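The next block holds one structure in the form of structure tokens; read it before the comments.
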Amino acid sequence: MKKMKSNKHFFNFNSIRIKVLGSYLLLLGLVITVGVLSYWNASNTIIKNYKNSTKQSLDLLREHIEYGFDSVKTTAVEYLMNPDLNQYLSGGYESDNVRQSKFYNSMKTEILTKASANHFISNIYFFSDTVNPLSTNRKLPLGMYSSYKNSEQGKTVLESSNTYQWVKGTSVIDESLKINKESYAIRLVKAFKEMDAFLAIDIKTDAILNIINKVDVGEKGYLSFISSDGMELHKDGDWETLIIDTNFYNMAREGEILEGEFKEVSFLENDYIFLYEMVGDTNTMVCTLIPNSELVSQATSIKYVAMSAMLVASVLVVLIGGSIYHRISGSMKYMITNMRLIAGGQINTRFQRKHKDEFMELSGHLNSMMDGIHNLLLEVKSVSNQVLTMSVKVSKSSEIFAESSNQISCAMNDIEEGLSSQATDSISCMNKLDDLASQIGLVDDGTRKMQDIAGKTKESIHESLSQMEDLREKATKTNHITQTVIESIKELHIQSSAIGQIIKTINEIADETTLLSLNASIEAARAGDAGRGFLVVAEEIKKLAAQSIAATDEVRVIVDKINKKTISAVTSAELAGETITSQEQAVRNAKGAFDELTLEVENLMITIHNIFDQVNRMQNRKQESLTDMENISAVIEEIVSSATSVGEKTLSQSETANGLYNTSEEMVRQANKLMKTLEQFEIEEKKI
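According to numbering that gives the first Met the number 0, the residues represented by the sequence shown are 0 to 687, in order.
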């Protein structure tokens, strides 16, 4: 159990020993970190420099090849612009065989000299269907132009007749001359303008290899020249398809990997760094694959040196730190043991150290401190005895004082309750007076409203009387008008009767006229022709008499209808007159009723005025009662406030007394506890 406790104490992360040990371990970690960072930095620098060197070498390689291709292109331009050659290929010398043969021999000598002088050029070809082809190699057969033009390679060249084509794949030229396609690196082909002829120049494979082999990419590295149609020439001179089938090559061709950019790739189950450069506008490429192991091997020596330095530094840190840690740990363990003895009560324990270091100085100060504590405990023990005696006396006095304070507090509570009850009753009475005042106010408002209503009723009655008087006058006028209408209708009836007499007279005249016309007709008949004119007149008079009788009959019918209507109108007018007379009497009766109602309303207003005066007197008395109750309530509140203040002070005094008693009891307990604590220490009084 002690061993487990010791281990727990040993691994306390707040202890100085652990912090010192941690500091040395941190120092050791820093040494290792510095070594690792140094190696990492140097390794990255070496790898970066190696990459830059490789990129520069590849740039130089590309520039060298591009320079060679430019020289070949310059040679091609010279021949394409040569007027004699253009004339020969177009058949301009066919009429002069001697000149044609002479030009053929001189041009062949020239191209052989050009091919041998330029270390990039392997062979030069000029071919057309009209003349013998020119070649630094074997003699080309006739019809070579047509054969090449119809091939896939020839079609491509003709489609891009304004540009130079750099091709490598099998062609008609290789088949015709039985040329091994590995004997040249790439071929430049260009069609002549305005004639059916081709120019072809082969680039030496050795020229490309001499340039490639100047760059060292390690034993496992790859450095290749790749034509536009996918033919690979490696640094060992082999034409072998390795790179063109990879994804990273296709990405480079499609521009997804930038030119001159390092790209980490997987190739033949190993990790490589891929880098490529395009050779001018030839669509050819030089690329390299550098194995990662080659890059890492450049920093291997630095790794070993850094590891050795870290190992030596770690051993020194462990030895020096362990020695210092052991000495500090022993001193701290000794002091902790003595401090535990002192904490256990052995105050006479002292610290002794042999080494003259900070721990020895600390031991001296601790011994001085323990001497002071020893003397202090002696004084505390003496004072504690006196405090215990005085605490007992204070406890008894505070107990008596607390009992008296509690009794006073109870009495004040009773007084306060009585005053509070009285104050509550006063407030209740005041509230009831307020309710009564509110009711009186409501009665006052109701009385005022009744007075207003009575006044408005009186005004309405006066207006009604005025209207009734107007109605009576209008009824009287209507009655007079009705009588006048009746008289007029009766007069109309009399006039209608007179019209009947007139009609009767007209009928009599018409009858006489009819008789006269009859007599005239008889007399005219007697007179013969002489009386024929009278006969016509008599007939007309007879007709007029008949029409007069008919008209008078119609008038009589109309007059009869008028008489009937007149009689009916007279009857209705007489009834209307009687009704208006009755209405006039009803208006007089209503006016009398309104006069009586006016008297009653005036009496009601007098009664309401008396009630209003009584309510005003009640309002004044109510206000005086409220003022008196407010004064009484204010006095009671002051008394209650004073009683409450006295009660609070009494309660505070009682609480203080109880607190004093509790404090004195606690003081006694603490004094006893202090005495028991002091008894745990082995205190030896100094002898005088």
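All C-beta atoms, glycine included, are put in the ideal place defined by N, C-alpha and C.
Predicted model, so just to flag it, every value in this text is computed and none were measured.
Item                                                                                                                                         : Value
Are at least three pairs of beta-carbons, each pair with one atom in the region 536-546 and one in the region 505-520, less than 8 Å apart?  : yes
Check His118 in the structure and name its three-state DSSP category.                                                                        : coil
Within the continuous alpha helix (DSSP H) that includes Leu84, where are the two ends?                                                      : Pro82 to Leu88
Using only CA atoms, which one of Glu255, Met334 and Lys192 lies nearest to Asn85?                                                           : Lys192
Out of Met467, Asn630 and Val667, which one is the CA nearest neighbour of Val716?                                                           : The requested residue 716 does not occur in the structure, where the chain is confined to residues 0 to 687.
Span of the beta strand (DSSP E) holding Ile272?                                                                                             : Asn269 to Val278
What are the residues that DSSP puts in a beta bridge with Glu263?                                                                           : Ile272
What are the residues that DSSP puts in a beta bridge with Cys286?                                                                           : Ser223 and Tyr275
To the nearest angstrom, how far is the alpha carbon of His233 from that of Arg137?                                                          : 28 Å
Under a three-way DSSP split, which group does Tyr92 fall into?                                                                              : coil
Would you report the Cα separation of Glu490 and Ile502, rounded to the nearest angstrom?                                                    : 18 Å
Taking DSSP as the reference, what is the three-state secondary structure of Ala670?                                                         : helix
What is the rounded straight-line gap between the Cα of Lys448 and the Cα of Gly591?                                                         : 28 Å
Do the region 116-127 and the region 71-87 make contact, defined as three or more Cβ pairs closer than 8 Å?                                  : yes
Quick check: Lys219 and Pro290, are their CB atoms within less than 8 Å of each other?                                                       : yes
Counting C-beta neighbours from all protein chains within 10 Å, is the total for Gln164 16 or more, i.e. buried, or is it exposed?           : buried
In terms of residues, what are the limits of the alpha helix (DSSP H) holding Phe247?                                                        : Asn246 to Glu253
Please list the terminal residues of the continuous alpha helix (DSSP H) segment that includes Tyr147.                                       : Met143 to Asn149
Put Gln164 into one of helix, strand or coil per three-state DSSP.                                                                           : strand
Mind checking who Arg616 pairs with in its DSSP beta bridge?                                                                                 : Bridge partners of Arg616: none, in fact.
Is Asp559 buried or exposed, if buried means 16 or more other CB atoms sit within 10 Å of its CB?                                            : exposed
To which residues of the same chain is Gly698 closer than 7 Å at the C-beta, ignoring the five residues directly before and after it?        : Outside the displayed range of the chain (0 to 687) lies residue 698, so it cannot be described from this structure.
Could you check what DSSP says for Phe102 in three-state terms: helix, strand or coil?                                                       : helix
First and last residue of the beta strand (DSSP E) that includes Ile200?                                                                     : Ala196 to Lys203
Can you tell which of Asp173, Ser465, Asp433 and Leu515 has its C-alpha closest to the C-alpha of Gln622?                                    : Asp433
Going by alpha carbons, who is nearest to Leu198 out of Val314, Ala545, Asn615 and Lys72?                                                    : Lys72
On the DSSP bridge assignment, give the partners of Ala190 in chain order.                                                                   : Phe197
Compute the distance between the beta-carbons of Gly168 and Leu208, then report whether it is under 8 Å.                                     : no
By the DSSP assignment, the beta strand (DSSP E) with Leu232 in it spans what residues?                                                      : Glu231 to His233
Under DSSP, the alpha helix (DSSP H) around Asp173 begins and ends at which residues?                                                        : Val171 to Leu176
Decide yes or no for the touch test of the region 310-329 against the region 247-254: beta carbon pairs closer than 8 Å, at least 3 of them. : no
In angstroms, rounded to a whole number, what distance separates the CA positions of Gln99 and Tyr92?                                        : 5 Å
With a 10 Å radius around its C-beta and 16 neighbouring C-beta atoms as the bar for buried, classify Leu88 as buried or exposed.            : buried
Cα-Cα, which of Glu293, Arg525, Ile110 and Asn602 is closest to Ile46?                                                                       : Glu293
My assumption, with CB atoms under 8 Å, is that Asp228 sits in contact with Tyr144. Please give the rounded CB distance.                     : With 8 Å as the limit, Asp228 and Tyr144 do not qualify as a contact, their Cβ atoms being about 21 Å apart.
Thinking C-alpha only, which one of Val33, Glu268 and Ala633 is nearest Ala312?                                                              : Val33
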